[in-house]
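Here is the structure we will look at.
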Amino acid sequence: MKKDNKRILYFDSTSFDRTYSKLQKDLGGELLERQFILNDPEIGQMYLEYFDIGAPFQLSINYCHITQDLYVKDTNESETTQLFILFMRKNSSIKISDYASDEMHLGARGVKYNIMLRQNQKDVFIDIDKDEEMFWIGMRMDLDKIGPLININKKDSDEFIDYLLNQNYYEESNTELESIVEELFHAQKLTIGRNAIIGGLGLQLMGKLLIKLFEHKKKKLENKISEETLTKYFEIKDYILSDYNNIPTTKDIALKFGIGETKLKEDFKKVFDQSIFSFITSHRMMDAHRLLRSTDDLIGDISKEVGYSHLSKFTGAFKKYYGYTPSELRGSKRIKHF
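So for the sequence shown, our numbering puts the first residue at 119; every next one is plus one.
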């Protein structure tokens, strides 16, 4: 990760309060209770907020649009070892590194979140490109809270912690996790019941992330997948999601990538935890949900954008997936994200 002539920003992530105070000292902006707000034409915009939700972890919901290139050194001086999770919202990305492993473009190749158990000597380095708009969820908890939260015994918990300790772990998100993240961003804009809703969603997200990671550890031991195979299947993923109006058949995919259909189906499920059909459907529904919440586009136009030529079929598929129709989602009283 090269600094070049980028402005260097020193980040103190020992606690959210220290993070926000350091940002105000270095950049200016406004410091409110559990919030940091910056609106500077020379630097850009930041809206960072953390929540006291009575859970065994802390959660923050964040937005950043910087008008200059930044290089961030993130240092943690906590006396305890903490688990940090950085979950990028769909279509957001940053470059992250710890200098012990290769730089990862978080948000590229489908990688949507970063999990790291950090001791106080562990620094993280982040590149933020000019005019990159980013939305992310930050979560942190002490390591002794991990086992009880996902209901595993001390032996498994200790092994899990050893597996995580001072390692950077990057994972392809799934639509279930992305849906919770979207709900968190929208819940942030509520007035009544805001903290309770965010607390419930935060517990869901943390629990599902830790379970997914714990299961990944077991799978890694039981069924190793080569880096070459992973690269190929991420290429397949990009191919099948490139055009919702021309979704390839399993036979088409197998021929294009030189893989037998049976092996394609088996390995795809190993890599993405879903069948090809379920994977495509999930992404279509998630993209539709995001567009319904974040734009004023007509429902019929959104239907076509995610590959449904008939509105009735789209409405039926959407209701089957989410339990409510696109119109019901649009008619909800939740405030749209900024």
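No residue lacks a Cβ here, since even glycine has one placed at the ideal position from N, Cα and C.
What residue range is occupied by the uninterrupted alpha helix (DSSP H) comprising residue i?
i, result
"residue 146", "No alpha helix (DSSP H) contains residue 146, which DSSP labels as neither H nor E."
"residue 357", "345–358"
"residue 265", "264–268"
"residue 308", "Run containing residue 308: none; DSSP gives neither H nor E here."
"residue 385", "379–390"
"residue 418", "417–423"
"residue 433", "429–440"
With DSSP as the reference, please indicate the residues paired to residue i in a beta bridge.
i, result
"residue 242", "192"
"residue 252", "182"
"residue 279", "DSSP output for residue 279 lists no bridge partner at all."
"residue 177", "169, 257"
By alpha-carbon positions, which one of the options ends up nearest to residue i?
i, options, result
"residue 141", "129, 150, 151", "129"
"residue 189", "125, 257, 438, 293", "125"
"residue 170", "404, 313, 433", "313"
"residue 303", "153, 323, 136, 179", "179"
"residue 150", "159, 158, 166, 161", "166"
"residue 183", "252, 158, 398", "252"
"residue 380", "159, 389, 315, 368", "368"
"residue 153", "137, 205, 406", "137"
"residue 376", "365, 354, 175", "354"
"residue 362", "374, 401, 139", "401"
"residue 132", "194, 306, 392, 389", "194"
"residue 168", "315, 203, 255", "255"
"residue 249", "360, 345, 185", "185"
"residue 127", "444, 204, 432, 187", "187"
"residue 347", "326, 364, 387", "387"
"residue 399", "352, 374, 358, 135", "358"
"residue 330", "308, 305, 247, 390", "390"
"residue 206", "175, 292, 394, 352", "292"
"residue 191", "241, 176, 415", "241"
For residue i, which of helix, strand or coil comes out of DSSP?
i, result
"residue 126", "strand"
"residue 329", "helix"
"residue 155", "strand"
"residue 362", "helix"
"residue 139", "helix"
"residue 313", "helix"
"residue 187", "coil"
"residue 376", "coil"
"residue 293", "helix"
"residue 396", "helix"
"residue 449", "coil"
"residue 210", "coil"
"residue 414", "coil"
"residue 100", "Coverage of the chain is limited to positions 119 through 456, which leaves residue 100 absent and any answer about it impossible."
"residue 121", "The predicted model places residue 121 with a pLDDT of 49, which falls under 50 and marks its position as unreliable, so this point remains unresolved."
"residue 132", "coil"
"residue 247", "coil"
"residue 367", "coil"
Which residues mark the beginning and the end of the beta strand (DSSP E) in which residue i is found?
i, result
"residue 165", "162–169"
Looking at residue i and the ligand SAH, is the gap between the Cβ and the nearest heavy atom below 6 Å?
i, result
"residue 304", "In terms of ligand content, the structure shown is empty, and the ligand SAH therefore cannot be addressed."
### Task
Inspect the CB distances between the region 204–211 and the region 266–280 and report whether three or more fall short of 8 Å.
Fewer than three pairs of CB atoms, one per stretch, sit closer than 8 Å, so the region 204–211 makes no contact with the region 266–280.
### Message
Would the region 308–322 count as touching the region 422–434 if we require 3 or more Cβ pairs under 8 Å?
### Response
Judged by pairs of C-beta atoms under 8 Å, the region 308–322 does not touch the region 422–434, as fewer than three such pairs exist.
#### Entry: Meets three-Cβ-pair contact criterion under 8 Å: the region 393–412 and the region 435–442
Cβ pair count under 8 Å is three or more, so yes.
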